[in-house]
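Asker: First, the structure itself, so that you have it in front of you.
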Amino acid sequence: MSEELKADAADTPSAPASGSNGNSFENPWPVSQLSENLANYIKRLGTVWIEGELTKPSIRGTTFFGELRDLREDMGVSIHSFSAAGIAKDIASGDRIAVLVKPDFWKKPGKISMQILELRKVGLGELLERIQRLREKLTAEGLTDPARKQPIPFLPNCVGLITGKDSDAEKDVLQNAKLRWPAVKFRVINTKVQGDDAAPQIIAAIQTLDADPEVNVIIIARGGGAFGDLLVFSDEKVVRAAANAKTPIISAIGHEADRPVLDDVADVRASTPTDAAKKVVPDVAEERQKLDQMLGRAFTRIANFVGGQLDLLAQLRSRPALANPYTFIEVHEQEIAELVGDARGAIDLMLEREGNKIDTLRKVAVSLSPQSTLDRGYSVVRDADGHVFTDASKIKAGTKLKLRLAKGETTATAD
């Protein structure tokens with residue numbers, strides 16, 4: 000052993016001195032020995048019945064090949080029969096089968112192979128029982144509760160469609176939807192709808208359309224078929240992918256007798272692809288008819304209202320007061336005239352009284368005025384500067400005086 004390997008070995012935790020089968024680090028098995036021991040161990044298993052879903056069946060010469068997939072886990076094993084003629088003719092991909100196999104280990108490639116000794120299809124009753132158990136399981140989880148179902152938009156912006164390529168189901172949905180609403184837009188993803196790879200393709204399509212913000216509703220469509228052909232739509236993974244989608248889903252598998260589990264978790268179930276087209280978009284002709292009916296009802300109500308108001312107006316106009324509006328005025332005309340006469344008399348009396356008061360006040364004012372005093376013979380004596388004298392003793396001899404009389408002025412000199 001090199002020094003480098005010795006150093007690495009010294010740095011690693013110590014291993015058991017020997018294996019559980021008597022070998023050791025110093026005396027390991029060669030690969031061929033392990034293969035031989037595995038082959039012997041598997042051979043001791045003898046024959047065993049196993050069950051699963053048949054996929055990828057093929058015949059090469061006289062040998063039948065296929066893969067048996069687990070019903071619950073994502074795993075499988077290869078199976079073969081050296082007598083293809085002994086395999087039932089009606090066996091097809093997607094069938095649930097039970098096989099009696101003899102496990103064998105091929106030492107050189109290091110692979111396990113299962114040789115078919117007997118093959119039987121699992122009965123329809125067994126399949127129905129499993130589907131029923133899945134329904135009960137989903138119901139217990141609340142995935143079929145009507146309260147969680149989403150409403151379909153009245154007029155979707157874009158419709159997602161998952162269906163077989165160039166299938167009648169695809170044509171039915173597209174043609175009928177466009178007949179009902181010519182402007183409808185679709186995003187179509189074609190997948191297998193039975194057999195190998197159908198389930199993962201459908202799941203991927205659901206997830207793709209659900210992630211597209213333009214898609215408002217998803218239709219999963221197939222135009223019916225035998226019970227076995229529709230099993231993918233009762234596949235638990237497919238059903239859960241539909242239940243987890245945030246976009247409303249319409250299931251349109253078209254099989255009334257044995258409805259797939261997808262119908263239970265979908266937001267809306269359509270009996271056929273054509274029915275799905277009717278549910279996903281409104282009929283433009285029907286909507287126009289409804290609009291015309293609504294407009295007709297609106298016009299009728301407006302006409303009835305206007306007619307009622309016209310009748311009411313006619314009734315009002317027929318009343319005497321409105322037939323001759325002057326009647327109302329004439330009734331009160333005399334009363335108004337009397338009130339006007341009374342008002343005028345009161346005003347005249349008030350004016351006369353107030354006029355007399357004014358005359359009296361005017362006479363008093365006149366009698367008290369300076370002019371009235373002068374008219375009675377009095378005069379106003381002032382000096383040259385205009386100062387009025389009211390005391391004769393204060394007038395000095397020789398002072399020039401101005402005398403204001405009732406009419407005019409004169410001058411004088413004090414003695």
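The sequence shown begins at 0 in numbering that gives the first Met the number 0 and counts up by one. Where is the CB? At the ideal position from N, CA and C, for every residue including glycine. Computed from a prediction, not measured in an experiment: that's the story for all the values here.
(1) With 16 other CB atoms within 10 Å as the buried threshold, where does Ser233 fall?
(2) The beta strand (DSSP E) spanning Lys110 covers which residue range?
(3) Count the other C-beta atoms from every protein chain shown that fall within 10 angstroms of the C-beta of Ser392, then say buried if there are 16 or more, exposed otherwise.
(4) Taking Phe63 as the reference, which of Phe104, Glu117 and Ala203 has the closest Cα?
(5) Just checking, does the segment 166-176 make contact with the segment 218-228 on the three C-beta pairs under 8 Å criterion?
(6) Identify whether Ala207 lies in helix, strand or coil by the three-state DSSP scheme.
(7) Sort out for me which residues DSSP pairs Ser57 with in a bridge.
(8) Once the 5 residues before and after Ala269 are set aside, which same chain residues still bring their CB inside 6 Å of it?
(9) Is DSSP giving Asn243 helix, strand or coil here?
(10) Starting from Ser419, follow its DSSP beta bridges and name the residues at the other end.
(11) Measuring alpha carbon to alpha carbon, tell me which residue in Pro181, Met293, Val238 and Glu334 is nearest Val283.
(12) Would you report the Cα separation of Thr11 and Val264, rounded to the nearest angstrom?
(13) Below 8 Å, how does it come out for the segment 204-213 and the segment 153-167: are there three or more Cβ pairs, yes or no?
(14) Which residues mark the beginning and the end of the beta strand (DSSP E) in which Asp310 is found?
(15) Would you mind working out which of Thr271, Glu285 and Ala198 sits nearest Gly223, comparing C-alpha positions?
(16) What are the boundary residues of the beta strand (DSSP E) that includes Val379?
(17) How would you write the range of the alpha helix (DSSP H) that Ser166 sits in, first residue to last?
(18) For Thr389, does the count of other Cβ atoms within 10 angstroms reach 16, so buried, or fall short, so exposed?
(19) What's the gap between the Cα of Ala204 and the Cα of Ile161?
(20) Measuring alpha carbon to alpha carbon, tell me which of Leu315, Arg296, Pro150 and Leu402 ends up nearest Ala383.
(21) Determine the closest residue to Ile201 out of Gly227, Lys170 and Val237, with distance taken between C-alpha atoms.
(22) I need the straight-line Cα distance from Gly93 to Lys120, nearest angstrom please.
(23) Tell me which residues share the same chain as Asp262 and place their Cβ nearer than 6 Å to its Cβ, disregarding the 5 neighbours each side in the sequence.
(24) Could you say which of Ala240, Asp374, Pro56 and Leu67 lies nearest to Pro199 if we only look at CA atoms?
Answerer: This is what the structure holds:
(1) Answer is buried; the Cβ neighbour count reaches 16.
(2) Start and end: Lys110 to Lys120.
(3) With fewer than 16 other Cβ atoms from the protein chains shown falling within 10 Å of its own Cβ, Ser392 counts as exposed.
(4) Closest in C-alpha terms to Phe63, from the list Phe104, Glu117 and Ala203, comes Glu117.
(5) Three or more pairs of CB atoms, one per stretch, sit closer than 8 Å, so the segment 166-176 contacts the segment 218-228.
(6) The question names Ala, but residue 207 is Thr in the sequence shown. Correct three-state label for Thr207: helix.
(7) Ser57 is bridged to Phe64.
(8) Sequence-distant partners of Ala269 (beyond 5 residues in either direction) whose C-beta falls short of 6 Å from its own C-beta, in its chain, are Ile249, Ala251, Ala275 and Lys278.
(9) DSSP places Asn243 in helix when its eight states are reduced to three.
(10) Absent from the model: residue 419. The displayed extent of the chain is 0 to 414, so no value can be given.
(11) Closest by alpha carbon: Pro181.
(12) Low per-residue confidence applies at Thr11: pLDDT is 46, beneath 50, and the placement is therefore not dependable, though the value from the model is reported in the following sentence. For the pair Thr11 and Val264, the Cα-to-Cα distance works out to about 55 Å.
(13) Inter-segment contact for the segment 204-213 and the segment 153-167 is present: three or more beta-carbon pairs are separated by less than 8 Å.
(14) Asp310 -> not in any beta strand (DSSP E); alpha helix (DSSP H) instead, spanning Val283 to Ser317.
(15) Of the listed residues, the one whose Cα sits closest to Gly223 is Thr271.
(16) Residue range Val379 to Arg381 is occupied by the beta strand (DSSP E) that includes Val379.
(17) Careful: Ser166 lies outside any alpha helix (DSSP H) and carries neither H nor E.
(18) Looking at its Cβ environment, which holds fewer than 16 other Cβ atoms inside 10 Å, Thr389 is exposed.
(19) Here the alpha carbons of Ile161 and Ala204 stand approximately 7 Å from one another.
(20) Closest by alpha carbon: Leu402.
(21) Checking every option, the nearest Cα to that of Ile201 belongs to Val237.
(22) Those two C-alpha atoms are separated by around 11 Å.
(23) Cβ contact annotation for Asp262 (same chain, cutoff 6 Å, sequence separation greater than five): Ser250 and Arg268, in chain order.
(24) Residue Ala240 is the option with its Cα nearest to Pro199.
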